[in-house]
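The structure under discussion appears below in the form of structure tokens.
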Amino acid sequence: MRSNSGTSINMKLTPNETPNNPSRFQRLYIYFAACKDGFKVGCRKIVGVDGYWLKYSMYGAQLLAAIGLDGNNNIFPIAYAIVEKECKDIWQWFLNYFAIDIEIDEQYLWTFMSDKQKGLLEAFKEVLLDVSHRFCARHLHNKFKVDRFPAHALKKTFWKAARETTVEAFNMHMLEICELDKKAYE
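Note that my numbering has the sequence shown beginning at 3, numbered continuously upward.
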């Protein structure tokens, strides 16, 4: 790109079923050079990844996004993609480009946070095997609500465990969760 050199743009096209017609858009990955530079100099090696439905898309597309945390704990956009759906192959496609762009050499120094997106855990195991992977506490709590676990007591204990800073205190609250509801604990 002329105005933002160093930007990564990767587009995947599929052949058109109609002969002599141009290829069709399938997915697009974008990582602006300004985001690359800003992330490298001002952000921690903590990355959140998530997928979002694009509501008014004619073909049911989704937005995949990677965000970082800057020195003030503010969200910093890193990269995004418009894809046809969420699955292991598409998350691998996204993570492969992303890993190249942010130049992950020593994976063990990086932490990625997500919810339990379709295919994402499997994609991490193949593309970024040695990064630390954590789940978003808010998404886990929402999963408790969807699965109809006892609301107030479990919520209170869950957030106590999530906020703990020592392993011993965390384990104590996790045992409380186990006593409240063994299925929620698992």
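Note that beta-carbon positions come from the ideal geometry of N, C-alpha and C, so glycine has one too.
Inset, instruction - Starting from the Cα of tryptophan 93, find the closest Cα among Thr9, Arg29 and Leu142 and give me that residue. - result: Residue numbering aside, residue 93 sits at position 91 when the sequence shown is read from its first letter. That would be Arg29, whose Cα lies nearest to the Cα of tryptophan 93.
Inset, instruction - Pull up the CB-CB distance for glycine 50 and glutamine 64, whole angstroms please, since I reckon it's below 8 Å. - result: On the sequence shown, residue 50 is found 48 positions in, with the first residue counted as 1. On the sequence shown, residue 64 is found 62 positions in, with the first residue counted as 1. Wrong, their Cβ atoms sit about 16 Å apart, outside the cutoff.
Legend entry - Close Cβ partners of lysine 120 (< 7 Å) along its chain, the five nearest in sequence each way excluded: Here the question's residue 120 lines up with position 118 in the sequence shown. Taken in chain order, the residues that qualify are Glu88 and Cys89.
Legend entry - 8 Å Cβ cutoff met for tyrosine 33 and aspartate 103: Against the sequence shown, residue 33 aligns to sequence position 31. Against the sequence shown, residue 103 aligns to sequence position 101. Yes, Cβ-Cβ distance for tyrosine 33 and aspartate 103 is below 8 Å.
Legend entry - Closest residue to glycine 44 among Glu19, Leu71, Trp55 and Pro21 (Cα-Cα distance): Looking up residue 44 in the sequence shown gives position 42. For glycine 44, the nearest C-alpha among the options comes from Leu71.
Legend entry - For glycine 44, the three-state DSSP class (helix, strand or coil): Position 42 of the sequence shown, counting from 1, holds the residue named residue 44. Of the three classes helix, strand and coil, the one that applies to glycine 44 here is helix, per DSSP.
Inset, instruction - Below 7 Å CB to CB, which residues in the same chain sit around histidine 175 once its five sequence neighbours on both sides are set aside? - result: To locate residue 175, count along the sequence shown from 1; it is residue 173. Correct list, in chain order: Thr159, Lys162, Ala163 and Glu166.
Legend entry - 6 Å CB neighbourhood of serine 10 in its chain, flanking five on each side removed: As a first step, residue 10 is located in the sequence shown; it is residue number 8 there, counting from the start. Within the same chain, serine 10 has close Cβ partners Tyr33 and Asp103.
Inset, instruction - Classify lysine 38 as buried or exposed, calling it buried when 16 or more other Cβ atoms lie within 10 Å of its own Cβ. - result: The count along the sequence shown starts at 1 and reaches residue 38 at position 36. Under this definition lysine 38 is a buried residue.
Legend entry - Given glutamate 19 as reference, the closest of Met13, Phe27 and Asn12 once Cα atoms are compared: Against the sequence shown, residue 19 aligns to sequence position 17. Selected option, being the one with the closest Cα: Phe27.
Inset, instruction - Give me whichever residues DSSP pairs with valine 51 in a beta bridge. - result: In the sequence shown, the residue the question calls residue 51 occupies position 49. Paired residues: Ala68.
Inset, instruction - State the DSSP-derived secondary structure class of lysine 118, mapped to helix, strand or coil. - result: Residue 118 sits at position 116 when you count from the first residue of the sequence shown. Lysine 118: coil per DSSP, three-state reduction.
Inset, instruction - Identify which residue in Arg140, Glu170 and Trp95 has its Cα closest to the Cα of phenylalanine 126. - result: Taking the first residue of the sequence shown as position 1, residue 126 is located at position 124. Checked all of Arg140, Glu170 and Trp95; the closest Cα to phenylalanine 126 is Trp95.
Inset, instruction - Evaluate alanine 68 with the Cβ neighbour count: other Cβ atoms within 10 Å of its Cβ, from every protein chain shown; 16 or more gives buried, anything less gives exposed. - result: As a first step, residue 68 must be located in the sequence shown, where it is residue number 66. Alanine 68 comes out buried.
Legend entry - Closest residue to lysine 57 among Tyr31, His154 and Glu86 (Cα-Cα distance): As a first step, residue 57 must be located in the sequence shown, where it is residue number 55. Ranking the options by Cα distance to lysine 57, first place goes to Glu86.
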